[in-house]
Amino acid sequence: MIVAIASNYAIGKDNDLLWHIPNDLKRFKKLTENHFIVMGKRTYYSLPKRPLPNRTSLIITDIADEKIDNCLMAYSIDDAISKMDGEKENFVIGGGSIYKQFMPLANKLYITRVHKEFDADTFFPEISLDDWELVYSMDVDDDDKNDFNYSYEEYIRKAK
519 MIVAIASNYA IGKDNDLLWH IPNDLKRFKK LTENHFIVMG KRTYYSLPKR PLPNRTSLII
579 TDIADEKIDN CLMAYSIDDA ISKMDGEKEN FVIGGGSIYK QFMPLANKLY ITRVHKEFDA
639 DTFFPEISLD DWELVYSMDV DDDDKNDFNY SYEEYIRKAK
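The numbering used here numbers the first residue of the sequence shown as 519 and each following residue consecutively.
Set out below in structure tokens:
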């Protein structure tokens, strides 16, 4: 999974991101290129350029036989997993309900943690440090366009 979250786990409002961080968008592109990106239909339609280039977009919808040009469609989480079979690394990119459904299946989280709370209507599931180990963290203070700092974090699921 890959996500940018606020201090209060906010990720969006009115089907849009809560901030614009150019360096984070570059990081997102670098990490996700040449991989599957998995998302709900509302997240897909919120993208400024669809489908995102150099990635395989897998859209999850509950409308049977729905099609979106140049995308793979999945009609359940199990269907999505079967379509990604054999891929080494895939990226769930949202929205809130898709993150929640995939969280029990995820083994790695790429998080941009925005150090500010935001008013939102969409949230990322809380991360329990009982289940996840922080393996990388880097504070970033390079953005004059925003009134907040942020950090890049990577977590791996702990063995049970």
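Even for Gly, the Cβ is constructed at its ideal location relative to N, Cα and C.
Helix, strand or coil at residue i according to DSSP, with G and I counted as helix
i: Asn541; result: helix
i: Thr550; result: helix
i: Ile586; result: coil
i: Ala624; result: coil
i: Arg560; result: helix
i: Ala677; result: coil
Own chain partners of residue i with C-beta closer than 7 Å, once the 5 adjacent residues on each side are dropped
i: Ser572; result: It is worth fixing the name first, because residue 572 is Asn in this sequence and not Ser. Closer than 7 Å at the Cβ level, and outside the excluded window around Asn572, lie Glu551 and Asn552.
CB contact flag (residue i, residue j, <7 Å)
i: Val610; j: Val658; result: no
i: Arg595; j: Gln619; result: The residue asked about is misnamed: residue 595 is Ile in this sequence, not Arg. For Ile595 and Gln619, yes; Cβs fall inside 7 Å.
i: Phe641; j: Leu536; result: no
i: Tyr654; j: Thr630; result: no
i: Pro566; j: Cys589; result: no
i: Tyr673; j: Leu652; result: yes
Nearest neighbour of residue i, chosen from the options [CA to CA]
i: Lys559; options: Met621, Asp649, Lys585 and Ile539; result: Lys585
i: Phe666; options: Ile539, Leu576 and Glu672; result: Ile539
i: Leu623; options: Trp650, Asp639, Val632 and Lys634; result: Trp650
i: Lys634; options: Asn664, Tyr593, Leu627 and Lys544; result: Asn664
i: Ile523; options: Asn625, Gly613 and Thr579; result: Gly613
i: Glu607; options: Leu543, Arg675 and Phe554; result: Phe554
The ligand GDP heavy atom lying under 6 Å from the CB of residue i
i: Leu623; result: Only the bare structure without any ligand can be found here, which leaves the ligand GDP out of the picture.
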